[in-house]
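The opening residue of the sequence shown carries number 18 in this note's numbering; numbering runs sequentially from there. Backbone N, C-alpha and C define an ideal beta-carbon position, used for all residues, glycine too. Working notes, beginning with the structure itself.
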Amino acid sequence: DEFGRRPQYFSAIYRRARLQVFYLNELEEARKDLEVLAGQRNNLSLDDWARAKLLIGDIQLIQQEYNEAKLTYTEVSELFRDRQMGALAKYKLGQLAYYKGEFNLAQALLGAIKDNTSNDISNDAIKLNLLIIDNTGLDTTTTALEMFAQAQLLTYQRLYDQSLDLLDTLAYQFPNHTLADEILWEKANIFLKRNDINTALRYIERILNEFSF
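Here you go:
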């Protein structure tokens, strides 16, 4: 506030915006600051511009502006084709495709992430790709995975009650599905986000007891 929203203070503005987006639910204020930064592209490093754009894309995803989020991620992905930021943007595109039930597209995007990216990006891409493979390979229907992906999207959008309802429906309709442990894990994470530690621990203990293998 004292020095203004200028490019030389990118780090402070960006870190504040991340707090607003992922912890404080102050999306519009964060988006306003980020769009001011992204609009000063000539005065930012390309990496900083990309970080601002990707966080804007995350806000658009939370606000259910799916086409806009896709365009934002794609813009970064195409500008940074063989670099870290491009890999991160491609992962976010793959994740968006997964959320929308477009599993073949998601796998193509995730599989295209190169080995020379950071371990975090590569590991996240491999993990999501394996989740899709494990839950589509033996079954001709993808209904259960579509429901689970939708529940995860609702969690990302902080619509926790809706996500829990959908997870309960999924567990009831597909009681012996390979997603059973993933459902418990997703519930545990929702209650962790709500700071309900005891409930989260109960779900984690169920995973240990029922899925120790």
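| query | result |
| --- | --- |
| When you compare only the Cα positions, how much space is there between residue 119 and residue 175? | 22 Å |
| Could you tell me how far apart the beta carbons of residue 211 and residue 177 are, in whole angstroms, since I believe they sit closer than 8 Å? | 7 Å |
| Would you check if the distance between the CB atom of residue 2 and the CB atom of residue 38 is smaller than 8 Å? | Residue 2 lies beyond the residue range present for the chain, which begins at 18 and ends at 230; the question has no answer from this structure. |
| Alpha helix (DSSP H) containing residue 121: first to last residue? | 120-128 |
| Which residues in the same chain as residue 191 place their Cβ atom closer than 6 Å to its Cβ, once the five residues preceding and following it in sequence are excluded? | 161 |
| Taking the runs of the alpha helix (DSSP H) that are 4 residues or longer, which of them lie wholly in the segment 152-202? | 160-173 and 177-190 |
| Hey, how far is the Cα of residue 227 from the Cα of residue 24? | 52 Å |
| With a CB to CB cut of under 7 Å and the five nearest residues on each side skipped, what residues in its chain are close to residue 75? | 38 |
| List the whole-angstrom C-beta distance separating residue 241 from residue 107, where the pair is believed to meet the contact cut-off of C-beta under 8 Å. | Only positions 18 to 230 of the chain appear in the structure, and residue 241 is not among them; the question remains open. |
| Determine the contact status of residue 64 and residue 102, defining contact as a CB-CB distance below 8 Å. | yes |
| Can you tell me the Cβ-Cβ gap for residue 152 and residue 124, rounded? I've got them flagged as a contact below 8 Å. | With 8 Å as the limit, residue 152 and residue 124 do not qualify as a contact, their Cβ atoms being about 12 Å apart. |
| For residue 42, does the three-state DSSP call read helix, strand or coil? | coil |
| Looking at the unbroken alpha helix (DSSP H) that takes in residue 74, where does it start and where does it end? | 63-79 |
| State the DSSP-derived secondary structure class of residue 99, mapped to helix, strand or coil. | coil |
| By alpha-carbon positions, which one of 148, 98, 183 and 195 ends up nearest to residue 112? | 148 |
| Measuring straight from C-alpha to C-alpha, what distance separates residue 195 and residue 58? | 46 Å |
| Is residue 219 helix, strand or coil by DSSP? | helix |
| Of all the options 81, 202 and 215, which has the alpha carbon lying nearest to the alpha carbon of residue 165? | 202 |
| Hey, residue 150 and residue 139 are a contact pair by Cβ (cut 8 Å); roughly how many whole angstroms apart? | That belief does not hold up - the Cβ atoms of residue 150 and residue 139 are roughly 16 Å apart, past 8 Å. |
| In angstroms, rounded to a whole number, what distance separates the CA positions of residue 122 and residue 114? | 6 Å |
| In its own chain, which residues sit with a C-beta less than 7 Å from the C-beta of residue 77, not counting the 5 before and 5 after it? | 85, 86 and 89 |
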